[in-house]
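In the working numbering, the protein residues as written are 1 to 349.
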């Protein structure tokens with residue numbers, strides 16, 4: 001991406017200043033009339049365009065290195081106007097050595113105040129037009145990038161929602177419910193309600209944030225259904241700090257991480273294991289810890305529907321550097337997933 005952008009910049013630079021040179025030469029030919037334009041004049045105009053290319057590239061480096069693209073118009077415009085005037089002066093005097101070498105130098109003309117001001121003003125306008133085009137192009141590119149950025153957010157959300165509608169999970173849940181219908185009708189009704197809640201939430205939460213309290217209900221419904229399938233092989237513990245329910249979290253994120261613990265950890269252990277969900281409030285942040293039996297392998301992160309990469313990207317898109325996401329292996333054959341959510345809260349009911 002960087003290479004293509006850089007290449008495009010140089011294509012525009014070379015073609016733009018080549019066009020400028022061509023227009024200058026055509027204007028010189030038209031102005032010379034029957035006498036015709038002299039070869040030194042053509043060479044001088046070619047060098048002039050080459051100098052403009054170098055000066056404009058230097059101007060671009062100043063814009064980037066001094067971070068002018070992040071300035072507001074009230075601060076940017078004075079800087080640009082002063083810069084193009086100084087660049088006009090520099091460009092005016094850069095031509096002098098070339099004119100001397102080509103035998104075109106006339107001291108009385110070069111140092112004439114009116115010629116100096118008109119020449120400086122001419123180049124200042126040229127560089128101002130160049131800067132205008134450069135800023136417009138950059139801002140349009142940034143706008144298009146922001147649109148792609150928003151589109152990627154929607155795509156990530158949809159990918160996460162689709163990942164929750166795991167056909168294997170639904171199939172296993174329905175099989176577990178079917179087995180309960182005869183031996184424990186009341187528990188089968190509860191399981192049907194849990195599955196219904198999960199499906200409804202998966203389909204309805206397609207954007208924005210949700211209360212931790214609502215996300216926790218979905219996690220409990222999910223683990224309740226998995227508890228039917230794994231029976232005593234799945235142990236669950238909750239340690240929820242007071243005030244956690246007021247925080248906003250990305251929908252389905254915690255449920256996805258819990259599901260990873262069951263799918264890639266406990267389901268592969270003969271004796272099963274433990275899912276432990278704890279929260280802690282610290283400095284107006286919500287710290288969520290999910291401990292699950294098993295071993296975390298980085299290679300599983302690319303597995304279809306796993307959602308770990310999406311989880312990290314969603315947090316980055318929603319909270320930037322204020323959020324934290326990390327998965328580590330603990331010595332006692334546990335996987336620890338840690339989330340830190342910044343202070344976005346809902347009003348207390």
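For each residue, glycine too, the CB sits at the ideal point set by N, CA and C.
Beta-carbon within less than 7 Å of residue i's beta-carbon, same chain only, minus the 5 sequence neighbours each way: which residues are those?
i           : result
residue 201 : 218
residue 104 : 40 and 44
residue 221 : 194, 197 and 198
residue 76  : 68
Measuring straight from C-alpha to C-alpha, what distance separates residue i and residue j?
i           : j           : result
residue 45  : residue 25  : 7 Å
residue 264 : residue 294 : 8 Å
residue 209 : residue 254 : 12 Å
residue 69  : residue 63  : 7 Å
residue 279 : residue 286 : 7 Å
residue 181 : residue 275 : 27 Å
residue 93  : residue 116 : 9 Å
residue 171 : residue 226 : 12 Å
residue 318 : residue 86  : 43 Å
residue 309 : residue 290 : 17 Å
residue 302 : residue 23  : At residue 302, the pLDDT of 45 sits below 50, so the modelled position is not reliable; the number obtained from the coordinates is stated separately. Whole-angstrom Cα-Cα distance: 56 Å.
residue 119 : residue 88  : 8 Å
residue 123 : residue 343 : 52 Å
residue 18  : residue 73  : 30 Å
residue 174 : residue 195 : 9 Å
residue 32  : residue 102 : 18 Å
residue 138 : residue 314 : 26 Å
residue 125 : residue 136 : 16 Å
residue 99  : residue 108 : 13 Å
residue 142 : residue 11  : 20 Å
residue 9   : residue 30  : 32 Å
Assuming residue i is part of the alpha helix (DSSP H), what are its boundary residues?
i           : result
residue 264 : 253-264
residue 38  : Neither: residue 38 is in no alpha helix (DSSP H) and is coded neither H nor E.
residue 87  : 73-101
residue 107 : 107-110
residue 351 : Outside the displayed span of the chain (1 to 349) sits residue 351, for which this structure offers no information.
On the DSSP letters alone, give me the boundaries of the beta strand (DSSP E) that residue i sits inside.
i           : result
residue 245 : Residue 245 -> no beta strand (DSSP E), and no H or E assigned at all.
residue 235 : 234-239
residue 286 : 285-293
residue 339 : 334-341
Can you list, in chain order, the residues of its chain whose CB lies under 6 Å from that of residue i, leaving out five sequence neighbours each side?
i           : result
residue 128 : 84
residue 347 : Only weak support exists for where residue 347 lies, its pLDDT of 42 falling under 50; the coordinates are left without a value.
residue 292 : 261, 265, 275 and 335
residue 223 : 236
residue 187 : 180
residue 20  : 49
Can you tell me which of the three DSSP states residue i falls into?
i           : result
residue 328 : strand
residue 16  : helix
residue 116 : helix
residue 231 : helix
residue 141 : helix
residue 272 : coil
residue 199 : helix
residue 303 : Confidence is the limiting factor: at residue 303 the pLDDT is only 47, short of 50, which leaves the residue's position unreliable, though a coordinate-based value still follows. Three-state result, residue 303: coil.
residue 277 : strand
Near residue i, what residues of its chain come up, given a Cβ to Cβ distance below 8 Å and the 5 sequence neighbours on each side ignored?
i           : result
residue 13  : 53, 56 and 57
residue 239 : 276, 277, 278 and 279
residue 312 : 325
residue 42  : 25 and 28
residue 329 : 295, 296, 335 and 336
With C-beta atoms as the reference, is residue i less than 8 Å away from residue j?
i           : j           : result
residue 271 : residue 233 : yes
residue 260 : residue 213 : no
residue 131 : residue 80  : yes
residue 95  : residue 48  : yes
residue 177 : residue 198 : no
residue 91  : residue 59  : no
residue 281 : residue 241 : yes
residue 249 : residue 341 : yes
residue 339 : residue 288 : yes
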